[in-house]
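Just so we're aligned: 383 in numbering that gives the first Met the number 0 is position 384 of the sequence shown, and the numbers increase by one with no gaps anywhere.
Every residue, glycine too, gets a C-beta built ideally from N, C-alpha and C.
All values reported here derive from a predicted model rather than from experimental measurement.
Take a look at the structure below.
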Amino acid sequence: MVLTLVGRTGVLDDIGRALDDGSGVLLTGTSGMGRTSVLRALQAQPDIDVVRVTATPATAPVPLGALARFLPGEVSPAVTSGALGAVRSALGALAAAGTVLGFDDVHHLDGVSAALVADAAREGLRVVLTVREHAEVPPPLQGLHDEQLLREVVLTPLGAVDAATLVRTVAGGRSTTTSVRWAVELGEGNPLLLAELARIAPRPGFERLPLTDRLRRAMAAHLEVVDDTTRRAVEVLAYDSPLPLGVLVDVVGAAAAEAVEQQALVTVGDGPVHLVSLAHPLLAEVVLADIGATRRAALASALLQVVPDAAARGWPDLPDGAVRHARWQMDAGEVVDLDIIAEASRHMLVRWDAAGAQRLAAVVHERRPNDCGAILLLAGAALLRGEPIEAERWFAMVEHLGGTPEQRLQARLGLAESAFFGRGDREAAQVALAPIGDPPALQDGTSEDCAGRDATTALAAMIALCGGDMAEAAVLAERVGPRATPDLRLVALAVRHVAVASAGHLDAAWRLTEQAIPLLADPAVAPEHHVRMWAGRRYLRLHLGDLQGVLDGPEDHRSHAALLLSNVVFDVGQSAAHLVMARGDLARSLVERIDVTLTETDPYGHRAFVGAVAAEIAAHQGRRDAAVAAARTARESHRPHLGWWAWAVPAAEGWALAATHRFPRACALMRRAAARAEASGDLLHQCLCLLAAVRLGGLDQAGALAEVAARVDGRLWPAVGVAARGLADPADPDGLLEDGCERLMDLGARLWAVDLLARGAALDRRSRRDGRAMQRRAAAEAHAREFVDLTSPAVTALRGSSAAGLTPRQWQIATLAAEGWTSRQIADHLVLSVRTVDNHLARAYQVLGVHGRQDLADVLAGPPLGPDDQSVDPMITR
């Protein structure tokens with residue numbers, strides 16, 4: 000089937016019925032809807048003869064140009080009696096033979112040709128004519144439609160199911176659930192656009208597309224029928240949207256604004272100011288690619304003339320009014336309001352756009368050299384860029400110039416923040432905070448003193464948290480007074496909820512996030528606090544055991560998608576939830592998006608955390624190079640003073656070693672990661688690292704995991720603790736492993752449950768409890784069959800038996816051999832002869848394509864349960 004005919008079989012049936020009834024067909028649809036594909040498919044039908052002709056812009060000015068194929072060689076396209084007679088005769092012959100004339104893009108047909116085709120249709124020629132929606136149909140052919148000699152068939156956008164089918168068919172093995180959903184949403188049911196989006200196969204998580212030539216042509220077709228006035232309206236909206244309808248009308252005129260709406264090039268909102276946006280985001284990409292700097296300056300200047308300054312700052316329905324107005328000023332070269340530029344710079348700092356904030360703040364500083372507000376913005380931008388010395392120079396300048404008390408306070412706090420987060424000097428940070436006052440010593444005082452105390456305490460709590468001292472962070476955060484600003488109180492609540500959750504008190508941490516929600520209603524609260532709070536609640540949901548809630552919760556964070564710090568936490572939570580639920584590609588797509596966003600700005604060291612998650616996902620998907628690269632990223636981006644991520648580096652390196660089948664060493668690194676988490680009071684990530692060690696074969700850590708997991712609130716970790724208790728006792732008379740894994744399956748944590756069951760089966764084989772080993776293996780294997788895009792050492796062992804075609808006896812002998820048993824030990828255990836054991840092993844080698852017992856260990860058994868392998872991967876340097 001032609002790819003762009005997916006979902007169009009009903010259209011072919013409609014055309015067939017119309018032709019059988021003796022009627023012609025007028026096939027309409029927007030560009031890319033598949034008009035030409037339908038004609039080609041009709042031509043390929045075995046029971047119908049179709050002659051296909053195409054009109055083009057090149058043939059439109061030439062009389063009979065599109066019908067030149069019906070002229071004898073000696074007759075040129077011109078309105079002569081000979082030419083007209085030849086065409087009439089050829090069309091009459093088609094009608095007599097019962098042939099269908101398929102005419103593509105008749106809106107490009109000249110008037111003479113259109114009249115001849117219309118006459119032939121009235122005399123019995125069956126025609127299928129295609130025309131682009133909103134294009135003018137030549138009057139002779141429109142007359143056929145008015146006389147009901149043409150039955151109109153409209154090609155509508157594909158539904159979601161058909162669109163997804165088309166994307167998967169074109170993308171093939173490169174498609175994931177996330178990328179298919181992304182392409183379907185962006186393709187808007189247009190088959191041509193959907194096919195091209197599937198072909199370019201961007202890495203999941205990318206919102207910006209490479210504008211290929213095919214994609215450019217597909218989108219440019221939407222603009223072929225617009226005039227210059229209408230195109231100017233499109234250019235304005237491509238340059239900046241959404242715009243209030245009144246602003247668009249003032250810039251381009253009412254007629255142009257009405258034309259773009261009638262041609263479905265824009266969408267108009269229902270709000271009080273009727274915000275107007277381009278109907279498709281890729282239209283802006285296509286138009287902007289053809290607009291130079293001079294044209295951009297002219298568009299910016301036109302917008303500056305009609306948008307008053309006050310509206311840019313105060314208009315509640317104009318998104319990012321200050322930032323956009325500042326950009327207009329920069330592009331037009333007309334600095335008309337420095338206050339707006341300064342406000343825009345502050346917005347960009349909130350979004351971690353260091354380059355944009357610095358550029359705008361520099362404009363203000365150039366014209367107001369002693370403006371301490373602009374100097375603070377330059378300092379903040381330098382700190383985000385990872386230039387602490389430059390930042391401290393700007394902060395010191397504020398103190399030298401003697402700004403307002405609030406500005407001096409911000410400068411002092413900035414010096415402390417730069418000392419710790421920029422240079423890793425906690426002692427210098429404490430010195431910078433000292434002139435503001437020791438937080439515990441300030442019990443009473445002026446409102447300025449209280450503000451300084453609260454701000455100092457909140458920053459000190461953040462430093463303690465990021466430094467890895469969870470207990471001190473919680474104590475300091477509790478000291479932020481009730482009269483503090485909503486922003487500072489939210490910072491304190493965020494620190495407390497992270498510290499309390501890290502200690503395993505997830506229920507108490509959830510209650511703290513509940514206290515934060517009323518504060519978010521304050522209009523003075525910065526947007527990043529909204530995102531941070533929803534992200535924190537999402538991560539808590541994961542560890543409380545509400546995995547589906549992690550995926551289905553509110554989407555408030557997406558309204559501020561550029562707030563990287565908050566979305567790192569949010570997306571890591573979602574990525575981890577997908578992995579635990581055995582959705583490997585979805586987990587991968589999220590973590591790759593996070594890694595890209597952190598390449599330029601990462602003041603809090605989140606990239607080490609993300610590297611650990613990315614390495615785990617890559618290890619579960621068998622992507623060895625990606626796992627090693629993620630671990631290297633974690634190690635290179637980690638800064639020792641940021642102790643809250645100290646566990647992430649050995650954890651990432653452990654998963655990288657697991658991906659390269661160095662399991663005993665990987666377990667050792669996971670134990671080290673757990674010890675680092677424990678040292679900082681991070682019980683939650685201590686559990687994660689201990690669980691990783693157990694899943695990689697370190698069953699000696701099962702007892703420690705059971706003890707620690709039992710101290711964590713919620714449903715997820717107590718279930719892990721029960722299963723770990725079953726693994727810690729090889730006899731497990733009460734079936735605790737099955738009980739814990741059943742609870743994990745109920746919560747959706749399928750990957751963990753399968754891994755733990757598989758480890759239990761391996762332990763039973765070693766303890767010679769063969770009956771229960773087979774039961775646990777069967778249960779784990781049944782669930783592992785549902786895993787499509789990931790694996791793990793334990794699951795690999797299961798798949799290595801069933802997928803390779805080994806018999807149960809061959810699998811039993813091969814796995815025992817992989818664990819280091821000699822043929823004599825296996826023979827004695829199974830009451831077989833040594834020769835029989837060796838024969839089964841030889842057959843297993845042949846089926847699995849391996850050459851010896853060591854190869855079996857890699858293919859089947861995952862980590863051996865014997866002495867630790869002390870070899871050191873070159874990547875690991877200690």
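**Asked** Leaving out five residues before and five after G15 in sequence, what residues of the same chain have Cβ atoms less than 6 Å from its Cβ?
**Response** Stepping through the sequence shown from its first residue, residue 15 is reached at position 16. So no residue of the chain qualifies.
**Asked** Assuming S822 and L682 make a contact with CB atoms under 8 Å, what is their CB distance in whole Å?
**Response** Indexing the sequence shown from 1 puts residue 822 at position 823. Indexing the sequence shown from 1 puts residue 682 at position 683. Not really, about 46 Å apart at Cβ, beyond 8 Å.
**Asked** Between S766 and A470, what straight-line distance do the alpha-carbon atoms span, to the nearest angstrom?
**Response** As a first step, residue 766 must be located in the sequence shown, where it is residue number 767. As a first step, residue 470 must be located in the sequence shown, where it is residue number 471. The alpha-carbon atoms of S766 and A470 are separated by roughly 43 Å.
**Message:** Here's a check: name, in chain order, each residue in its chain whose Cβ is nearer than 6 Å to the Cβ of L149, leaving out the five neighbours to either side.
**Reply:** As a first step, residue 149 must be located in the sequence shown, where it is residue number 150. Correct list, in chain order: G23, L25 and L143.
**Prompt:** M669 and G653: beta carbons closer than 8 Å?
**Reply:** One-based indexing of the sequence shown puts residue 669 at position 670. One-based indexing of the sequence shown puts residue 653 at position 654. Contact: yes.
**Prompt:** For the candidate residues G245, W751 and R776, whose alpha-carbon lies nearest to that of A760?
**Reply:** On the sequence shown, position 761 is the one that residue 760 refers to. Residue R776 is the option with its Cα nearest to A760.
**Item:** Proximity winner among A288, P387 and I339, relative to P307 (alpha-carbon distances)
**Value:** Counting from 1 along the sequence shown, the entry for residue 307 is found at position 308. For the residues A288, P387 and I339, the minimum Cα distance to P307 belongs to I339.
**Prompt:** Going by the beta-carbon positions, is the gap between P241 and V286 smaller than 8 Å?
**Reply:** Indexing the sequence shown from 1 puts residue 241 at position 242. Indexing the sequence shown from 1 puts residue 286 at position 287. Against a cut-off of 8 Å, the Cβ pair of V286 and P241 comes out as no contact.
**Item:** V430 beta carbon less than 8 Å from that of A457
**Value:** Residue numbering aside, residue 457 sits at position 458 when the sequence shown is read from its first letter. Residue numbering aside, residue 430 sits at position 431 when the sequence shown is read from its first letter. No, these two residues do not count as a Cβ contact at 8 Å.
**Request:** Give a yes or no on whether the C-beta atoms belonging to A650 and A667 are separated by under 8 Å.
**Result:** Residue numbering aside, residue 650 sits at position 651 when the sequence shown is read from its first letter. Residue numbering aside, residue 667 sits at position 668 when the sequence shown is read from its first letter. Cβ distance not < 8 Å, so A650 and A667 don't count as in contact.
**Asked** Nearest-angstrom Cα distance between W646 and R710?
**Response** What you label residue 646 is simply residue 647 of the sequence shown in a count that begins at 1. What you label residue 710 is simply residue 711 of the sequence shown in a count that begins at 1. The alpha-carbon atoms of W646 and R710 are separated by roughly 19 Å.
**Asked** Just the Cα atoms here: how many angstroms apart are L518 and R537?
**Response** In the sequence shown, counting from the first residue as 1, residue 518 sits at position 519. In the sequence shown, counting from the first residue as 1, residue 537 sits at position 538. Each residue's Cα considered, the two are about 18 Å apart.
**Request:** Starting from G23, follow the beta strand (DSSP E) in both directions and report where the run begins and ends.
**Result:** One-based indexing of the sequence shown puts residue 23 at position 24. Annotation for G23: the continuous beta strand (DSSP E) segment containing it runs G23 to G28.
**Request:** Taking the CB atoms as reference points, tell me whether A390 and L382 lie closer together than 8 Å.
**Result:** Here residue 390 refers to the residue found at position 391 of the sequence shown. Here residue 382 refers to the residue found at position 383 of the sequence shown. Going by C-beta atoms, A390 is nearer than 8 Å to L382.
**Message:** So, with DSSP's three-state summary, where would you put T266?
**Reply:** On the sequence shown, residue 266 is found 267 positions in, with the first residue counted as 1. Three-state DSSP puts T266 in a strand.
**Message:** Give me, in chain order, the residues of the same chain whose beta-carbon lies closer than 8 Å to that of T512; leave out the 5 immediate sequence neighbours on both sides.
**Reply:** In the sequence shown, counting from the first residue as 1, residue 512 sits at position 513. Counting only Cβ-Cβ distances below 8 Å, and skipping sequence neighbours, we find L492, H496, M532, G535, R536 and L539.
**Beta-carbon proximity list for V809, same chain, < 7 Å, skipping 5 on both sides** = For this step, residue 809 is matched to residue 810 along the sequence shown. Note that residue 809 is Gln in the sequence shown, not Val. Cβ neighbours of Q809 beyond the five flanking positions: H839, R842 and A843.
**Message:** Considering Cα atoms alone, identify which of A182, L298 and S80 is closest to R231.
**Reply:** Along the sequence shown, one-based indexing puts residue 231 at 232. That would be L298, whose Cα lies nearest to the Cα of R231.
**Request:** Sort V49, A82, V50 and I47 by Cα distance to G64 and report the nearest one.
**Result:** Here residue 64 refers to the residue found at position 65 of the sequence shown. Of the listed residues, the one whose Cα sits closest to G64 is A82.
**Cβ distance (whole Å) where T814 is taken to contact R764 below 8 Å** = Indexing the sequence shown from 1 puts residue 814 at position 815. Indexing the sequence shown from 1 puts residue 764 at position 765. Right, their Cβ atoms sit about 6 Å apart.
**Asked** If you scan the region 329–412 from start to end, which runs of the alpha helix (DSSP H) of 4 or more residues do you find wholly inside it?
**Response** 337–349, 353–366, 371–383 and 387–400
**Beta-carbon proximity of P190 to L222, cut-off 8 Å** = What you label residue 190 is simply residue 191 of the sequence shown in a count that begins at 1. What you label residue 222 is simply residue 223 of the sequence shown in a count that begins at 1. No. Outside cutoff.
**Request:** Go ahead and label E554 buried or exposed: buried means 16 or more other beta carbons lie within 10 angstroms of its beta carbon, across all protein chains shown.
**Result:** Here residue 554 corresponds to residue number 555 of the sequence shown, with the count starting at 1. Low per-residue confidence applies at E554: pLDDT is 42, beneath 50, and the placement is therefore not dependable, though the value from the model is reported in the following sentence. E554 comes out exposed.
**Assumed close pair V363, A373 - CB separation to whole angstroms, cut-off 8 Å** = Along the sequence shown, one-based indexing puts residue 363 at 364. Along the sequence shown, one-based indexing puts residue 373 at 374. About 4 Å; that satisfies the 8 Å criterion.
**Asked** R422 to A586, Cα distance in whole Å?
**Response** Locating residue 422 in the sequence shown gives position 423, counting from the first residue. Locating residue 586 in the sequence shown gives position 587, counting from the first residue. If I take the Cα positions, the gap works out to 33 Å.
**Prompt:** If you check the beta carbons only, do L264 and A256 fall under 8 Å apart?
**Reply:** Translated into positions along the sequence shown, residue 264 becomes position 265. Translated into positions along the sequence shown, residue 256 becomes position 257. Not a contact, by the Cβ cut-off of 8 Å.
**Asked** Nearest to L281 by alpha carbon, out of F69, A360, L743 and G186?
**Response** As a first step, residue 281 is located in the sequence shown; it is residue number 282 there, counting from the start. Looking at the Cα atoms, G186 is the closest of the given residues.
**Extent of the continuous alpha helix (DSSP H) run through L236** = Counting from one through the sequence shown, the residue named residue 236 turns up at place 237. Per DSSP, L236 belongs to the alpha helix (DSSP H) from D227 to Y238.
**Terminal residues of the alpha helix (DSSP H) in which F786 lies** = By 1-based counting over the sequence shown, the position of residue 786 is 787. It is not in any alpha helix (DSSP H) - F786 carries neither H nor E in the DSSP assignment.
**Request:** Out of G583, A120 and A54, state which residue places its alpha-carbon closest to the alpha-carbon of F786.
**Result:** Numbered from 1 along the sequence shown, position 787 holds the residue referred to as residue 786. Closest option to F786, Cα to Cα, is G583.
**Request:** State the start and end residues of the unbroken beta strand (DSSP E) segment that holds S766.
**Result:** The residue given as residue 766 occupies position 767 in the sequence shown. Counting along the chain, S766 falls outside any beta strand (DSSP E), and DSSP gives it neither H nor E.
**Residue ranges of each alpha helix (DSSP H) within the region 808–858, 4 or longer** = 822–829, 833–847 and 852–855
**Message:** Can you look up L242 in the DSSP assignment and give me helix, strand or coil?
**Reply:** To locate residue 242, count along the sequence shown from 1; it is residue 243. Of the three classes helix, strand and coil, the one that applies to L242 here is strand, per DSSP.
**Message:** Quick check: what's the CA-CA separation for R131 versus T27?
**Reply:** For the purposes of this step, residue 131 is taken as residue 132 along the sequence shown, with counting starting at 1. For the purposes of this step, residue 27 is taken as residue 28 along the sequence shown, with counting starting at 1. If you take the alpha carbons of R131 and T27, they lie about 6 Å apart.
**Message:** If you follow the beta strand (DSSP E) that S276 is in, where does it begin and where does it stop?
**Reply:** Along the sequence shown, read from residue 1 onward, the residue named residue 276 stands at position 277. DSSP places S276 in the uninterrupted beta strand (DSSP E) bounded by L274 to L277.
**Beta-carbon contacts of V5 that lie in its chain and below 6 Å, excluding the five residues immediately before and after** = Position 6 of the sequence shown, counted from the start, is the residue given in the question as residue 5. For V5, where only same-chain residues beyond five positions count, the Cβ hits under 6 Å are D161, T164 and L165.
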